[in-house]
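>
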Amino acid sequence: MGAVAPGIGPTPVDAQSVETQSQEMDDYSSPELVAYGKRSPYVTSMRQPVNGRPSPDEFGLVFHIGTPLQDQVGAITPSALHYFGTTRGSFVPHIDPAEHRLMIHGMVDRELIFTMDELKRFPSVTRLHFIECAGNRSNSRHRTIIESHGMTSCAEWTGVLLRTLLEEAGVQDGGEWIIAEGLEEVKGTSSLPTAKAMDDIIVAYAMNGEPLRPQQGFPLRIVVPGFEGILSVKWLRRIKVVDRFYMTYNDYGHLRQDPSDAALSYQIGPKSVITSPSGGQELPGQGFYEVRGLAWSGGGRVSRVEVSTDGGRSWFDADLRGTPQPMAHTAFSFNWTWDGSETVLLSRCIDEIGQIQPTREEVAEFWGRPGVRGQDNSIQPWRVERDGSVHNAIV
Ligand SMILES: Nc1nc2c(c(=O)[nH]1)N[C@H]1C(S)=C(S)[C@@H](COP(=O)(O)O)O[C@H]1N2
Ligand SMILES: [Mo]
8 MGAVAPGIGP TPVDAQSVET QSQEMDDYSS PELVAYGKRS PYVTSMRQPV NGRPSPDEFG
68 LVFHIGTPLQ DQVGAITPSA LHYFGTTRGS FVPHIDPAEH RLMIHGMVDR ELIFTMDELK
128 RFPSVTRLHF IECAGNRSNS RHRTIIESHG MTSCAEWTGV LLRTLLEEAG VQDGGEWIIA
188 EGLEEVKGTS SLPTAKAMDD IIVAYAMNGE PLRPQQGFPL RIVVPGFEGI LSVKWLRRIK
248 VVDRFYMTYN DYGHLRQDPS DAALSYQIGP KSVITSPSGG QELPGQGFYE VRGLAWSGGG
308 RVSRVEVSTD GGRSWFDADL RGTPQPMAHT AFSFNWTWDG SETVLLSRCI DEIGQIQPTR
368 EEVAEFWGRP GVRGQDNSIQ PWRVERDGSV HNAIV
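Note that the sequence shown covers residues 8 to 402 in the working numbering.
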């Protein structure tokens, strides 16, 4: 790497160890592993329960589980590491897709009931989208990125546009809202504007090239691009077209006293986070580091990411990986040579509609009191200490 990467020295070559290192073999001939692979036992990246709520709780239920973003490479979250959000705890509906039906009714010309096979016959779309829980927020108590940001993931979703199904049913005049319902007893119901449904909501049956995983809503869910995760109803069984916003089990959680922070603030702001180095990691010494991270926005594509390695005094453009997709994680990197002194690393996202990710101070000023209210898309600072340890720098 030479001049590009000062500080990374070559390891002396030991020909003998290169000769012998791949002699041990594992047997992958069992029917299970022939049919469906598994990862190397040396790869130990793991999800973790997150959120303020005790998890497991007193009944042993596990609630939101975070993605290990510190290990993330590229924009796509492996399906088995996608975060898991649920208001119901770790019980996941066991659904036979052959028995599953989706009903569309309410203010429509034709009430329709679809089987999974029928849904799969419609023209489909395949799109990269992030999902993020509004509970994904950072505070001074969080030590690692999985605690502060683990409730967002990005997958390639395949399904039918909800618009296609609504056009089939014929939305009547005044049908300005929809209610989407899951099939657990608490239903995971959400209210959404029909305008969003006619735009880009996907009724998804696949993720990352295979059927949805049970925790992600098998066999059917909606993906509501760019909006708070709670709206992306899983185990979807019913969509009702209605004339107004209904306060459902899920929407209730959104209501605040202040109307400007109430039920309709669905869209996630421009956001980014440095995944490496991040809280809890150790830098082995001064020298070259590729600062890596993810950026996303509910407002569209990421157009730029800036990184500061001096606590916000100077900012530089990061390199974006691939072509940013609308409402999708975009991976970024920035070449940095650490001189060994204490410093703070920051990143900020600028999206295609010109929104700029705010600092925590700017958010506090907006709300007129300390701390972050509403969704938290504020800039995450990571402090690198002289011993190489990395810490959450929120005070
Ligand atoms: N039916 C149903 N849909 C649901 C939920 C639920 O509890 N039930 N949880 C919501 C919440 S709070 C979030 S953040 C997202 C998480 O989606 P994921 O588990 O695929 O990451 O699903 C949403 N959809
Ligand atoms: Mo959530």
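Yeah, the Cβ is synthetic: ideal placement off N, Cα and C, and Gly gets one too.
Taking the alpha carbon of Leu76 as the reference point, which residue from Glu192, Ala87, Thr159 and Arg117 has its own alpha carbon closest?
For the residues Glu192, Ala87, Thr159 and Arg117, the minimum Cα distance to Leu76 belongs to Thr159.
> Would you mind working out which of Gln288, Glu174 and Phe66 sits nearest Pro130, comparing C-alpha positions?
Considering only alpha carbons, the answer is Glu174.
> Can you tell me whether His71 sits near ligand 1, meaning its C-beta is under 8 Å from at least one heavy atom of the ligand?
Flag set: Cβ of His71 near ligand 1.
> When the distance is taken between beta carbons, is Met334 closer than 9 Å to Pro232?
Yes, they are a contact pair.
> Thinking C-alpha only, which one of Asp383, Leu301 and Ser354 is nearest Phe323?
Of Asp383, Leu301 and Ser354, the residue nearest in Cα terms is Ser354.
> May I have a chain-ordered list of the alpha helix (DSSP H) segments no shorter than 4 residues that lie completely inside the region 50 to 96?
Runs found: none.
> Tell me which residues share the same chain as Pro277 and place their Cβ nearer than 6 Å to its Cβ, disregarding the 5 neighbours each side in the sequence.
Ser304, Cys356, Asp358, Gln362 and Gln364.
> Taking the straight line between their C-alpha atoms, what separation do you get for Leu327 and Glu192?
In a straight line, the C-alpha of Leu327 is about 43 Å away from that of Glu192.
> Mind listing, in chain order, the continuous alpha helix (DSSP H) runs of no fewer than 4 residues lying wholly within the region 117 to 156?
With a minimum length of 4 residues, the continuous alpha helix (DSSP H) runs that stay inside the region 117 to 156 are 123 to 128 and 152 to 156.
> In angstroms, rounded to a whole number, what distance separates the CA positions of Ile186 and Ser197?
If I take the Cα positions, the gap works out to 6 Å.
> Specify which residues have a beta carbon nearer than 5 Å to any heavy atom of ligand 2, listing them in chain order.
Qualifying residues come out as Gly92, Cys140, Gly236 and Ile237.
> Cβ of Ile102 versus every heavy atom of ligand 1: is any distance shorter than 8 Å?
Outside the cutoff, so no.
> On the DSSP bridge list, what partners appear for Met214?
Per DSSP, Trp164 and Glu217.
> Which one of Ser385, Asp394 and Arg393 has the shortest CA to CA distance from His401?
First, the amino acid is wrong: residue 401 is Ile here, not His. Among Ser385, Asp394 and Arg393, the Cα nearest to that of Ile401 belongs to Ser385.
> Looking only at its chain, what residues have a beta carbon closer than 6 Å to the beta carbon of Trp242, apart from the 5 residues adjacent to it on each side?
Pro100, Gly189, Leu190 and Gly224, listed in sequence order.
> Cutting at 6 Å between CB atoms, please list the residues of its own chain near Arg228, excluding the five before and the five after it.
The answer, listed in chain order, is Ala211, Lys241 and Leu243.
> In angstroms with no decimal places, state the Cα-to-Cα distance between Ser36 and Ala42.
Ser36 and Ala42: Cα-Cα distance of roughly 9 Å.
> Report all residues from its chain with a CB closer than 7 Å to the CB of Asp317; omit the five preceding and five following residues, and keep chain order.
The residues are Thr350.
> In chain order, what residues of the same chain have a beta carbon less than 6 Å from the beta carbon of Leu3, not counting five sequence neighbours either side?
Look at the range of the chain in this structure, 8 to 402, and you will see that residue 3 is not part of it.
> Is Tyr273 a contact residue of ligand 1, with contact defined as CB to any heavy atom under 8 Å?
For ligand 1, not one heavy atom lies less than 8 Å from the Cβ of Tyr273.
> Tell me the DSSP bridge mates of Asn342?
In DSSP, Asn342 forms a bridge with Glu297.
> Looking only at C-alpha atoms, which of Trp343, Thr94, Leu169 and Gln30 sits nearest to Met110?
Nearest option by C-alpha distance: Leu169.
> Which residue's Cα is closest to the Cα of Leu172: Arg380, Ile120 and Asn58?
With distances taken between Cα atoms, Leu172 lies closest to Ile120.
> Where Phe66 and Tyr90 are concerned, what is the direct C-alpha to C-alpha distance, given to the nearest angstrom?
About 21 Å.
> Please check the pair Ser285 and Val397, which I expect to be a contact at CB under 8 Å, by giving their CB distance rounded to whole angstroms.
Going by Cβ atoms, the distance from Ser285 to Val397 rounds to 6 Å, so yes, they are a contact pair.
> Mark Asp124 as exposed unless 16 or more other C-beta atoms lie within 10 angstroms of its C-beta, in which case mark it buried.
So Asp124 ends up on the exposed side.
> Here's a check: name, in chain order, each residue in its chain whose Cβ is nearer than 6 Å to the Cβ of Asp250, leaving out the five neighbours to either side.
Same-chain partners within the cutoff: Gly181.
> For ligand 1, any of its heavy atoms closer than 8 Å to the Cβ of Ile138?
Yes; taking the cut-off as 8 Å, the Cβ of Ile138 has a heavy atom of ligand 1 nearer than that.
> Could you check where the beta strand (DSSP E) with Val309 kicks off and where it finishes?
Its beta strand (DSSP E) spans residues Val309 to Ser315.
> Beta carbon of Lys241: closer than 8 Å to some heavy atom of ligand 1?
Lys241: yes, Cβ under 8 Å from ligand 1.
> Please classify Leu352 as buried or exposed, where buried requires at least 16 other C-beta atoms within 10 Å of its C-beta.
It counts as buried.
> Suppose the cutoff is 7 Å on Cβ atoms and the five residues either side in sequence are ignored; what does the same chain contact list for Ile360 look like?
Contacts found: Gly306 and Gly307.
> May I ask which residues mark the beginning and end of the beta strand (DSSP E) holding Thr171?
Per DSSP, Thr171 belongs to no beta strand (DSSP E); it is in the alpha helix (DSSP H), Leu169 to Ala176.
> Do Val312 and Thr330 have their C-beta atoms within less than 9 Å of each other?
The answer is no: Cβ separation not under 9 Å.
> Of the residues Leu88, Arg320, Glu39 and Gly319, which one's Cα is nearest the Cα of Asp78?
If we check each option's Cα against that of Asp78, Leu88 comes out closest.
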